[in-house]
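Heads up, the thing below is written out as structure tokens.
In this note's numbering, the protein residues as written are 65 to 800.
Rendered as structure tokens:
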């Protein structure tokens, strides 16, 4: 085969329209061979002769898109010193843009003999591995424009490519569970109806099926087991695995952008699928183990594990950091995605031992002209020491706000002493973000996510029911802050079902009307259940998939209506935190931008928050108190609103505030459905709130009288004017 020297950059396999350049980093390698495979598994090996700065490279003018390939790396095998090269293992390119096939967990994938981790296994793994694929990088992006929705106007929808579409009856069967399925008009129409501006896809980087799950007849459904940081997961492609998945993914992004919906990827850079020292040799481990993984200083046979998966990516090494940044830039520039949610992001900040917001990773992101301009969302924790870092990420970042989730759950299940924190979460969590120069949008608010109960299960189960996971119920979180509404699981009790329906509406309305960025878990608006399973990571089954045929249509309509209320009124999506001053106000003084109210209609005082007072509270939002301006510099204002929350087990009578707030109010949301049809309520009126319900009132506005532009009206006006004298003509004879 004809071989040219090629170039050390870019890394990976790069087709230029004629041939393909191959480049692989390995500082520890003594020899690197590029292996080209035919469809029948026939292997042709090309030795990479040229090396620059530890990057081995060549250019093959005959290699075209669709070519399968891998690498064999010859070098030292000395686990005690962190060295694990083995030429007999065919390795996946860390920069592969696409992959084909899967790992079959044959023992040849392991570099040691089972039962003796320090031994050497020289069985050839060819024929048992996933292979890299050369892709065609060219795509017609004509007309594609990223929506660039500001954070304050963003509504995120967390979804799983397969779970969202696998059971949708209106999607062609061959497209279900794929990127093409997500791009189908029925899915896009649904997202638009909900007011969704960004879909956050659970991992679509190429991941690996765990052998332990396959042995149980289960699968890694969630995908937090990455092996390829540049490749779209091949099983989610309807059109093929020899590069077609790249084209299909791009087409999905283009369709979503056309609908005004951004694409955010859930990315897992904190670890890889190779696991601990007992794991297989699939890619990074056999290429340069010590460069890509954090090893234990005292014994480099073992891996530092801040993730609970067996290893942690080595963010202290420049080439590991380069891979992360190259991957992020690739997904933005080549795949046109609009942002990233970083799984266990605290691990990426552990340059040494502690979580450090000044770590090299954060510095690189801050300085990168591409990555710094997209949405960056942190899951701000890991399982290492001091791993819970909510509120501590740099100003450029937003965060999954776990405190919001916990507080809102506790409030609506009636836990005492959560009122003050509930107020903080509802108003954007200033206690977490304001001191670091961030704004309410730093808080990604969520009640449920993929990890845990759905909203329907949150109000239907006190205990997790993970029997199908095959771990005797030992997996998953045991403290769910849930309440089953009076019966565990499915029931025909109408009273229980009514409470559950109301509670679901309470959670959705609270989420959408809180300051910050709301995130809806896919299917929550449909009333999706997982049967009480709160850890569905292994359930690639009907337990986890969205059952569109069982949709709760009234809940869909409710969600869409509250989302429209949020969209139409900037008071619910402020760019700045509330001021709230003066907390104690003299009679007749100007109203603050926010006022908290007792059930008796009077203003809450600072001492009330510590009085142990109740599970019911009201809040006044001043539409003239929005301290923000639009793009033209004009001051933004809105109508005034009242929000009343009652998480108690019994009804509470609220007294509307006096006329100084507003003379009358209209009910626009009532999760109990009792006050929705009422006419305007006068100031000082008693408003009964059902147990566990939420009501939103909008300042009443008399409809403006439309001017009558009819011919008859014009003639009547002319006749009236003529009868009282001549019609004055401005500008003639000084007449006015």
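Backbone N, C-alpha and C define an ideal beta-carbon position, used for all residues, glycine too.
Residue i to residue j, Cα distance in whole Å?
| i | j | result |
| --- | --- | --- |
| residue 799 | residue 702 | Legend: pLDDT at residue 799 = 39, less than 50; position of this residue unreliable, no value from coordinates given. |
| residue 721 | residue 706 | 9 angstroms |
| residue 419 | residue 367 | 18 angstroms |
| residue 539 | residue 532 | 11 angstroms |
| residue 511 | residue 206 | 38 angstroms |
| residue 201 | residue 76 | 13 angstroms |
| residue 66 | residue 262 | 47 angstroms |
| residue 504 | residue 640 | 6 angstroms |
| residue 429 | residue 292 | 20 angstroms |
| residue 70 | residue 416 | 36 angstroms |
| residue 487 | residue 499 | 18 angstroms |
| residue 256 | residue 324 | 9 angstroms |
| residue 634 | residue 241 | 36 angstroms |
| residue 74 | residue 87 | 7 angstroms |
| residue 243 | residue 142 | 42 angstroms |
| residue 326 | residue 737 | 34 angstroms |
| residue 11 | residue 334 | Here the chain has residues from 65 to 800 only, and residue 11 is not among them. |
| residue 577 | residue 311 | 38 angstroms |
| residue 646 | residue 656 | 6 angstroms |
For residue i, which beta-bridge partners are listed by DSSP?
| i | result |
| --- | --- |
| residue 821 | The structure shown does not extend to residue 821, since the chain is modelled only from 65 to 800, so the question has no answer here. |
| residue 439 | 403 |
| residue 122 | 86 |
| residue 137 | 96 |
| residue 682 | 661 and 708 |
| residue 750 | 719 |
| residue 79 | 84 |
| residue 109 | 99 |
| residue 68 | 123 |
| residue 128 | DSSP, once it has assigned bridges, lists no residue as partnering residue 128. |
| residue 763 | 729 |
| residue 463 | 442 and 507 |
Applying the criterion that 16 or more other CB atoms from any shown protein chain within 10 Å of the CB defines a buried residue, is residue i buried or exposed?
| i | result |
| --- | --- |
| residue 237 | exposed |
| residue 252 | buried |
| residue 106 | exposed |
| residue 79 | buried |
| residue 409 | buried |
| residue 342 | exposed |
| residue 260 | buried |
| residue 714 | exposed |
| residue 472 | buried |
| residue 117 | exposed |
| residue 501 | exposed |
| residue 278 | exposed |
| residue 280 | exposed |
| residue 82 | exposed |
| residue 68 | exposed |
| residue 557 | exposed |
| residue 797 | With a pLDDT of 41 at residue 797, under the threshold of 50, the modelled position of this residue cannot be trusted; read the value that follows with caution. Exposed, because fewer than 16 other Cβ atoms sit within 10 Å of the Cβ of residue 797. |
| residue 113 | exposed |
| residue 158 | buried |
| residue 191 | exposed |
I need the boundaries of the beta strand (DSSP E) containing residue i, first residue and last residue.
| i | result |
| --- | --- |
| residue 115 | 114-116 |
| residue 738 | First-last for residue 738: undefined, no H or E at that position. |
| residue 296 | 290-296 |
| residue 696 | Run containing residue 696: none; DSSP gives neither H nor E here. |
| residue 585 | 581-585 |
Terminal residues of the continuous alpha helix (DSSP H) containing residue i?
| i | result |
| --- | --- |
| residue 618 | 617-632 |
| residue 385 | 382-397 |
| residue 317 | 308-322 |
| residue 345 | That residue, residue 345, is in no alpha helix (DSSP H); it is neither H nor E in DSSP. |
| residue 484 | 483-490 |
| residue 245 | 243-246 |
| residue 570 | 558-577 |
| residue 433 | Element bounds for residue 433: n/a, residue is neither H nor E. |
My guess is that residue i and residue j are in contact by the Cβ rule of under 8 angstroms, so how many angstroms apart are they, rounded?
| i | j | result |
| --- | --- | --- |
| residue 619 | residue 589 | 6 angstroms |
| residue 404 | residue 441 | 7 angstroms |
| residue 803 | residue 268 | Residue 803 cannot be examined here, being either before or after the span of the chain that is shown, 65 to 800. |
| residue 579 | residue 482 | The Cβ separation is near 18 angstroms, so there is no contact. |
| residue 197 | residue 160 | 7 angstroms |
| residue 227 | residue 586 | 7 angstroms |
| residue 718 | residue 748 | 11 angstroms between Cβ atoms; not a contact. |
| residue 274 | residue 289 | 6 angstroms |
| residue 456 | residue 421 | 6 angstroms |
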